[in-house]
Structure formats: C-alpha cells, structure tokens
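Following the working numbering, the numbering of the sequence shown begins with 670 at its first residue and continues without gaps.
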Amino acid sequence: MTLCAGASDQDGERKGGRGIMKTIAVANQKGGVGKTTTAVNLAHGFALRGYEVLLIDLDPQGHCSTALGRDPEPGVFRLLIADYSLKDVVRTTGRPHLTLLPGDKRTSTAHIALVAEGRLSRDLLLNILSPAARTGLDVCVIDVAPSVSGLQEAALYASDLLIIPTGCDYLSLHGVSSMIETLRTVNSQGGSCHIVGILPTFYDDQTRESRATVARLKADFGLEMVLAPIHRTTVLKESAARGKTIFEYAPEGRAVREYTGLVEWAEGQCRRLTTSRDEVALRQPLEPIAARPLSRLSRLTNAYLSVASSQ
Numbered sequence: 670m671t672l673c674a675g676a677s678d679q680d681g682e683r684k685g686g687r688g689i690m691k692t693i694a695v696a697n698q699k700g701g702v703g704k705t706t707t708a709v710n711l712a713h714g715f716a717l718r719g720y721e722v723l724l725i726d727l728d729p730q731g732h733c734s735t736a737l738g739r740d741p742e743p744g745v746f747r748l749l750i751a752d753y754s755l756k757d758v759v760r761t762t763g764r765p766h767l768t769l770l771p772g773d774k775r776t777s778t779a780h781i782a783l784v785a786e787g788r789l790s791r792d793l794l795l796n797i798l799s800p801a802a803r804t805g806l807d808v809c810v811i812d813v814a815p816s817v818s819g820l821q822e823a824a825l826y827a828s829d830l831l832i833i834p835t836g837c838d839y840l841s842l843h844g845v846s847s848m849i850e851t852l853r854t855v856n857s858q859g860g861s862c863h864i865v866g867i868l869p870t871f872y873d874d875q876t877r878e879s880r881a882t883v884a885r886l887k888a889d890f891g892l893e894m895v896l897a898p899i900h901r902t903t904v905l906k907e908s909a910a911r912g913k914t915i916f917e918y919a920p921e922g923r924a925v926r927e928y929t930g931l932v933e934w935a936e937g938q939c940r941r942l943t944t945s946r947d948e949v950a951l952r953q954p955l956e957p958i959a960a961r962p963l964s965r966l967s968r969l970t971n972a973y974l975s976v977a978s979s980q
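Next comes the structure, spelled out in structure tokens:
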C-alpha cells in the first residue's frame, strides 16, 4: 500500500505500487512526555494499515526495542560509524510491515565521533534514507533523542512531519517552544518539515492543569497544530513493559482509539504531501502559525519557571 493509494484492505495486505516515502519525526527537548510510546504506537498503527514502515530509534536509551519486545542493539552506531548498510542493521519486529533500526547507548558515542570527525552534517540522515524510499518503504518514523544535538537537527532535516508530544503541565510548555525554535532553525537551513502536530499526553480531564494546558496550547499555537490528547492510563506503561504495542495489549481500550486518531491525522497529512503542488499549498498557512506563538509562550513558561523555582 502507498500513501497515494486508497484505504487499506481489511486483511492489511499491501496493495498498489510504490509511493514516495514520508518521514515523521517524534521529538521533544523535554523527556518523560511519552515520546517513545507515541513513536512505537504510531509506527505500528501505520503498519496495521498495510504500510511498509521503518521505525528508527535515535534515542540512546533504546526504548523502542524494549517496547517491541526486543533487546536494544547498536544499529544506529553501526550504520553511522562502522559503515554498515541500512539493510544490514534493520531488524524484523515479528509484526507484519514493521521493521526497526535499533539503537542503544552507543548512539551517543556515534554522535561524539561524528562531531569529532567533522562528518555530522544536517543532511546525514536524509542521504541515508533517500535510497530506502526506493525499496518499498512507505513511512519512516524517527524516535528522536530529547537532547539538543546535531543528530536531532539531522532528523528534523530529513522529516516531512514533526509530532511533538507534550505533558499536560505548565513546565512541559517550554519544551514545545524550544522544539519549534529548533525546527525553525533547521528549516532556515534548507529543511522542509513544515507540518507540526502538538500532541498533549498524560491528559486528565478531571484536573484543572490538564485542561488549562491544552487551552493554552490552542490559544498560543492555533487549533490546527494541537491534536486530540492522549489520556493518562496505566495500560500504556504496561504494554511497553510487556513488549507489546497498545494495539496488541488493549485493542478495545480508549488508548487505541486515541492513537488510531493520531495515525489517521498523520496519514492524512502524508497524503496531502504526495504532490509538490499540495505541499506548497500546505506550507504557506502553517509557517506563520509555527512562528507566531513563541514569544508569548516563552514569557508564560519563563514566568512559571521563575515562580516555581522561588517556592
């Protein structure tokens, strides 16, 4: 199945010819916001629809492997430093249509080595992934490390879409504004990731803080950029601990419905990017939306941080 084809068949079989691979970065410069959970379930959600999906774990914690029931491996390190080819380091996951480029703590070593050797260019990952787009892959999902680094910028440079998971608390707002500021810098250097979705996570509609945080995000970034929230639930932690995605662990639960909604949103954005004409039309309204809220949001978070630190 390709992103320019129709909906997938009920049996999930891959239909149609090869399309243009779309790359989705899942990133936030604040940890503990459900980033890996989102990347893993987004990738599996696409695979369940019949798309050929590659999940790349750029986070040195290697949690994508754990969440899929595999042991972390230095796949990213081998690809970037040891001159392995992409096909040599990609692993199966035991799930149809979903493959994994695993990472572990040696991903940090790879970053240090690339910087020392002067080989960490912003188009590093783009150059690696471009040939993969001709091998039948439809979607690439990148779990990006929270630390600001050249690898983070390279991931954004290679991406078509950016999803920013954020906790529903005031302290998490700073990570959103910082992430968009980094994206703006990357785009000013030739990047083309102009679609941004802010995903509220750990949402609890019974708490004032959750409701107020989502309302603030919508006010500052616009309704177009703030996605339907993922509610706080123990089944997401339980599923990862058991090496299963939420689609496998609790297929009838609310979390599945919410992550299905995220997959449908991302699928729709990928389809709209299929032609260059659609891409140009889509970029124009989103760039000012992304740029507009930073100063106001920065004042809000800085004020909150100042109050919190004084208590």
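Just so you know, even glycine gets a beta-carbon here, dropped at the ideal spot from N, CA and C. Computed from a predicted model, the values in this text were never measured in an experiment.
Every alpha helix (DSSP H) of 4 residues or more that sits fully in the region 813-886 is shown, in chain order, as 819-826 and 842-857. By the Cβ criterion, the region 711-730 is not in contact with the region 869-876, since fewer than three pairs of Cβ atoms, one from each stretch, lie closer than 8 Å.
Its chain contains 837, 838 and 839 as the residues whose beta carbon lies nearer than 8 Å to that of residue 878, once the 5 sequence neighbours on both sides are disregarded; these appear in chain order.
Non-local beta-carbon contacts of residue 738 in its own chain, meaning distances under 6 Å to residues more than five positions away in sequence, involve 912 in chain order. The DSSP-derived three-state label of residue 778 is helix.
Ranked by how close their Cα comes to the Cα of residue 932, the residues 779, 697 and 712 have 712 in first place. Close CB contacts of residue 832 within its chain, under the 6 Å cut and outside five residues either way in sequence, are with 695, 866 and 868 (chain order). Counting along the chain, residue 905 sits inside the alpha helix (DSSP H) bounded by residues 903-910.
Straight through space, the alpha carbons of residue 762 and residue 714 are spaced by roughly 14 Å. Setting aside the 5 residues that flank it on each side, residue 887 is surrounded in the same chain by 895, each with a C-beta closer than 8 Å to its C-beta; the list follows chain order.
Between the region 695-708 and the region 780-791 there are fewer than three inter-stretch CB-CB distances shorter than 8 Å, so the stretches are not counted as touching. If you ignore the 5 residues before and after residue 880, its C-beta comes within less than 7 Å of the C-beta of 874, all in its own chain and listed in chain order. Close CB contacts of residue 901 within its chain, under the 7 Å cut and outside five residues either way in sequence, are with 871, 872 and 873 (chain order). DSSP lists 692 and 723 as the beta-bridge partner residues of residue 809. Within the DSSP secondary-structure output, residue 747 pairs in no beta bridge. Secondary structure note for residue 896: it is in no alpha helix (DSSP H), with a DSSP letter that is neither H nor E. DSSP places residue 706 within a helical segment (H, G or I) once states are collapsed to three. Where residue 768 is concerned, there is no enclosing alpha helix (DSSP H), although the beta strand (DSSP E) around it starts and stops at 767-770. Burial state of residue 734 is buried, judged by a 10 Å Cβ sphere holding 16 or more other Cβ atoms.
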